[in-house]
Amino acid sequence: MKGKKLLAAFLLGAVLCFVPALGYGEIPEWTRENKVSYIDYDLLRAMVKYAMRNPNHLIVDLYDVPYGLPRSKITEFPIPKDIDYRNKIFVLVEDRKHRAIFSDKSGIALLDQFKRELEVIYSYIEGVATNMNSDVVAVFYSREGIPLGYFYQGEYHLWENNER
Numbered sequence: 004m005k006g007k008k009l010l011a012a013f014l015l016g017a018v019l020c021f022v023p024a025l026g027y028g029e030i031p032e033w034t035r036e037n038k039v040s041y042i043d044y045d046l047l048r049a050m051v052k053y054a055m056r057n058p059n060h061l062i063v064d065l066y067d068v069p070y071g072l073p074r075s076k077i078t079e080f081p082i083p084k085d086i087d088y089r090n091k092i093f094v095l096v097e098d099r100k101h102r103a104i105f106s107d108k109s110g111i112a113l114l115d116q117f118k119r120e121l122e123v124i125y126s127y128i129e130g131v132a133t134n135m136n137s138d139v140v141a142v143f144y145s146r147e148g149i150p151l152g153y154f155y156q157g158e159y160h161l162w163e164n165n166e167r
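For what it's worth, this note's numbering labels the leading residue of the sequence shown as 4, then goes sequentially.
Given below as structure tokens:
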């Protein structure tokens with residue numbers, strides 16, 4: 004009986020010697036291929052840095068929009084018809100439920116809050132968008148997902164009378 008166990012252990016050890024060590028010290032080549040543009044990568048890094056450096060941050064999505072927004076984002080978030088967002092950095096800013104910084108403000112106070120928040124966000128994307136007034140379009144939403152206002156061509160606007 005001891006001989007059979009010893010033989011089985013020896014054969015198992017011999018078989019395992021011939022099995023290649025999969026993934027041992029090698030990084031597959033496909034992980035080094037660039038499949039994303041520099042702008043998309045830089046915007047993703049900016050979102051992560053913004054979230055990590057601002058613990059009570061707003062929900063911010065950054066998009067490079069060379070040809071227009073993806074259909075899923077157009078249906079999910081209303082956008083004013085008069086905004087030309089092609090070839091711009093499109094910023095969607097949602098108030099977090101626990102932060103609620105947009106909920107108790109209206110009028111000029113709300114526009115000032117939009118300005119403060121967008122200037123902080125812009126500080127993370129300055130390398131991609133060199134001029135905030137011409138390169139950035141932003142839409143601001145309440146914690147319930149209701150559109151409150153937008154930034155376009157250097158001006159902040161309240162949503163009040165805009166249609167989709």
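All C-beta atoms, glycine included, are put in the ideal place defined by N, C-alpha and C.
Quantities reported herein were computed from a predicted structural model and do not represent experimental measurements.
Reducing DSSP to helix, strand and coil, say where residue i ends up.
{"i": "valine 123", "result": "helix"}
{"i": "valine 68", "result": "strand"}
{"i": "glycine 200", "result": "The structure shown does not extend to residue 200, since the chain is modelled only from 4 through 167, so no value can be given for it."}
{"i": "lysine 84", "result": "coil"}
{"i": "glutamate 166", "result": "Any reading at glutamate 166 is ruled out, since the residue's pLDDT is 49, under 50, leaving its predicted position unreliable."}
From the DSSP output, which residues share a beta bridge with residue i?
{"i": "valine 96", "result": "Val63 and Phe143"}
{"i": "glycine 157", "result": "Answer by DSSP bridge pairing: none, since glycine 157 is not bridged."}
{"i": "lysine 91", "result": "Val68"}
Taking 8 Å as the cut-off, decide whether the C-beta atoms of residue i and residue j are in contact.
{"i": "valine 68", "j": "arginine 89", "result": "yes"}
{"i": "valine 3", "j": "alanine 141", "result": "Given that the chain is displayed from residue 4 to residue 167, the structure contains no residue 3 and the question cannot be resolved."}
{"i": "valine 139", "j": "phenylalanine 154", "result": "yes"}
{"i": "tyrosine 144", "j": "leucine 114", "result": "no"}
{"i": "isoleucine 92", "j": "isoleucine 128", "result": "yes"}
{"i": "leucine 61", "j": "glutamate 147", "result": "no"}
Under 7 Å Cβ to Cβ from residue i, same chain only, skipping five residues before and after it: list those, please.
{"i": "glutamate 36", "result": "none"}
Only counting the same chain, and skipping five residues up and downstream in sequence, which positions put a Cβ closer than 6 Å to that of residue i?
{"i": "asparagine 136", "result": "Gly157"}
Discussion item. Taking 8 Å as the cut-off, does the segment 104-114 touch the segment 37-50 (at least 3 CB pairs, one atom from each stretch)?
Written reply: no
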